[in-house]
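Q:
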Amino acid sequence: MLLGLCEGPLSQTLRAYVRHHPEDDFATVHREALLLEEEQLGHQGLQTTCFTVGESVRNKPLCEPDWKEKFKKEILDDVKSQMREIVRDVFDEIKPRLPQQSQTSPVPNKPRFKPKRCGYTNSWTRDGEPICHRCKQAGHIARFCQTTLDQPPPLN
0 MLLGLCEGPL
10 SQTLRAYVRH
20 HPEDDFATVH
30 REALLLEEEQ
40 LGHQGLQTTC
50 FTVGESVRNK
60 PLCEPDWKEK
70 FKKEILDDVK
80 SQMREIVRDV
90 FDEIKPRLPQ
100 QSQTSPVPNK
110 PRFKPKRCGY
120 TNSWTRDGEP
130 ICHRCKQAGH
140 IARFCQTTLD
150 QPPPLN
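Residue numbering for the sequence shown follows numbering that gives the first Met the number 0, beginning at 0 and increasing consecutively.
(1) Go through its chain and collect everything with a Cβ distance to residue 123's Cβ below 7 angstroms, but skip five positions before and after it.
(2) I need the straight-line Cα distance from residue 16 to residue 37, nearest angstrom please.
(3) Under a three-way DSSP split, which group does residue 95 fall into?
(4) Go ahead and label residue 13 buried or exposed: buried means 16 or more other beta carbons lie within 10 angstroms of its beta carbon, across all protein chains shown.
(5) Could you compute how far the alpha carbon of residue 97 sits from the alpha carbon of residue 23?
(6) Which of the three DSSP states is assigned to residue 28 in this structure?
(7) Beta carbon of residue 20, beta carbon of residue 27: below 9 angstroms?
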């Protein structure tokens, strides 16, 4: 309820108030904050100042100007860490349900290559014509070969 307040006596007093009155709603806390702010402004002239400190420190505001960016960064960091935890939890729940992969190769990090093609693929001449595997003649493939099955294929 008190996120985004500048650090200072007002925010400390409000935190103590919220701790002692946890049942109060936002409107009540807001009303109390306004009353405390009026009270603090009334006592502003009575505050003592240290004259041994330089002007730059005395006139420094209680709240840094980039508090919004810091607050936003803090929230984003919290959300990132929560998302990492959620992803880790989901992965831990799903991992036992996945089928176990068996290792087929003795070296698990060995890169996989395409299997070597069998020697039964089509061969081609320099002119681009296919060579038949049945009769070893150029110009057609084994599916369209006209040689009979009774003839043994040539031995060349």
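Positions of the beta carbon are idealized from the N, C-alpha and C atoms, including for glycine. Fair warning: this is a prediction, and the values are worked out from it, not measured in the lab.
A: On the basis of the coordinates in this document:
(1) 129, 130
(2) 16 angstroms
(3) helix
(4) buried
(5) 49 angstroms
(6) helix
(7) yes
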